[in-house]
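Participant: Residues 30 to 275 (the numbering used here) are what the sequence shown spells out, left to right.
The C-beta atom is built at its ideal place from N, Cα and C for all residues, glycine as well.
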Amino acid sequence: MAAWRKGQSWRVVRSLDRLNEQLRAAFPRAVPPATPAVSWGSIADSAHSSSSDHYPHYYTALGKTAVVCARDFPHAPKLGLDAHEVAEQLRRSRDPRIGYIISNGRITGPNYGWEWDDYDGSDPHDTHIHVSTVHTARADDTRDWQIGEDDMDAKQFAAILKDPAVAGLMRALPWQYVGGGIPKGMSTLSVLNELVTRARANDGDTDEQAIVSGVLAGLTPERIAAAIPEALTEQVAEELARRLTS
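1. Could you say which of D111, P103, I131, A55 lies nearest to T162 if we only look at CA atoms?
2. Under three-state DSSP, which class holds E47?
3. Determine contact between the segment 49-65 and the segment 96-108, defined as no fewer than three beta-carbon pairs at a distance below 8 Å.
4. Give the DSSP-derived three-state secondary structure of E129 in the structure shown.
5. Do H86 and I72 count as a contact pair if the criterion is CB distance below 9 Å?
6. Look up H157 in the DSSP assignment and give the residues it is bridged to.
7. By how many angstroms is the C-alpha of L110 removed from the C-alpha of H154?
8. Let me make sure I understand the geometry here. Which of I127, Q175, A187 has the alpha-carbon closest to that of T165?
9. For R135, does the count of other Cβ atoms within 10 angstroms reach 16, so buried, or fall short, so exposed?
10. When the Cα atoms are used, what is the spatial distance from G138 to D124?
11. Rounded to the nearest angstrom, what separates D147 and R100 at their Cα positions?
12. From the DSSP output, in three-state form, read off W143 for me.
13. What's the call for T64, buried or exposed, on a 16-neighbour Cβ count within 10 Å?
14. Any idea what DSSP makes of H113, helix, strand or coil?
15. Can you tell me the Cβ-Cβ gap for T89 and W39, rounded? I've got them flagged as a contact below 8 Å.
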């Protein structure tokens with residue numbers, strides 16, 4: 030296909046339009062004119078070569094209109110927008126729409142194993158960050174990017190709670206017992222038997238509340254946790270998930 034020429038139509042890939050919308054909504058104090066409009070730039074200026082993702086190109090997977098597959102975003106911490114932190118959040122997300130990210134003298138992306146590497150370009154990108162997308166149909170995917178502190182909704186959290194792998198990890202916490210069967214003396218019945226034994230050994234009037242408090246005080250967190258049936262743990266997780274999504 031012929032190369033794009035100045036004056037012809039072009040557009041930014043839709044995923045970067047969505048990222049632009051998210052950042053402007055999350056950091057309204059940093060939008061122009063508080064920051065230069067060019068710092069939110071998409072299309073290339075004279076400082077960019079024709080091979081740059083800021084330059085419009087034609088890609089079969091992205092339609093007949095030339096597309097820009099890059100956007101810059103300003104680093105304006107005094108206005109609430111820490112662009113380098115945004116770059117780090119994008120790196121951690123490993124979003125398949127990302128081609129590469131340049132931030133504060135570093136570059137990352139799938140070709141770098143999602144690790145930061147030194148960037149040796151003439152512009153260290155310390156006053157802004159650069160985000161390039163892939164050149165496939167994924168670049169037009171408008172799903173939200175994983176940025177900000179509250180990027181997980183209740184349904185997503187509930188789904189994670191129900192994930193068997195996550196449940197296994199939760200049961201493997203230091204204060205929980207995992208393994209075949211229940212260790213001697215750590216079952217619910219054993220805990221109750223200990224209560225009864227101590228009650229019978231008590232001379233005179235029985236202060237049931239004091240006995241319960243005394244027994245519980247003598248139990249380690251491991252013993253208390255192990256006395257809780259796994260089925261009950263699952264019921265608690267399901268109830269929490271239900272309340273989060275209701």
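Facilitator: According to the data block:
1. Position 133 of the sequence shown holds residue 162. Ranking D111, P103, I131, A55 by Cα distance to T162 puts I131 first.
2. As a first step, residue 47 is located in the sequence shown; it is residue number 18 there, counting from the start. The sequence shown places Arg at residue 47, not Glu. Three-state DSSP puts R47 in a helix.
3. yes
4. Numbered from 1 along the sequence shown, position 100 holds the residue referred to as residue 129. Contrary to the premise, residue 129 reads as Tyr rather than Glu in this sequence. In this structure, Y129 counts as strand in the three-state DSSP scheme.
5. Walking along the sequence shown from the start, residue 72 turns up at place 43. Walking along the sequence shown from the start, residue 86 turns up at place 57. No, the pair does not count as a contact, with Cβ atoms beyond the cut-off.
6. As a working note, residue 157 is residue 128 in the sequence shown. Answer is P103.
7. Your numbering for residue 154 matches position 125 in the sequence shown. Your numbering for residue 110 matches position 81 in the sequence shown. Their Cα atoms are separated by approximately 15 Å.
8. The residue labelled residue 165 in the question sits at position 136 within the sequence shown. When only C-alpha atoms are compared, the closest one is I127.
9. Indexing the sequence shown from 1 puts residue 135 at position 106. Buried.
10. Taking the sequence shown and counting its residues from 1, the one referred to as residue 138 is at position 109. Taking the sequence shown and counting its residues from 1, the one referred to as residue 124 is at position 95. Each residue's Cα considered, the two are about 9 Å apart.
11. Looking up residue 147 in the sequence shown gives position 118. Looking up residue 100 in the sequence shown gives position 71. So the alpha carbons of these two residues sit roughly 20 Å apart.
12. Locating residue 143 in the sequence shown gives position 114, where the first residue counts as 1. Three-state DSSP puts W143 in coil, outside helix and strand.
13. Reading the sequence shown from its first residue, position 35 is the one you call residue 64. It counts as buried.
14. To locate residue 113, count along the sequence shown from 1; it is residue 84. Three-state DSSP puts H113 in a helix.
15. For the purposes of this step, residue 89 is taken as residue 60 along the sequence shown, with counting starting at 1. For the purposes of this step, residue 39 is taken as residue 10 along the sequence shown, with counting starting at 1. Beta-carbon to beta-carbon, T89 and W39 are separated by about 16 Å, too far to satisfy the 8 Å threshold.
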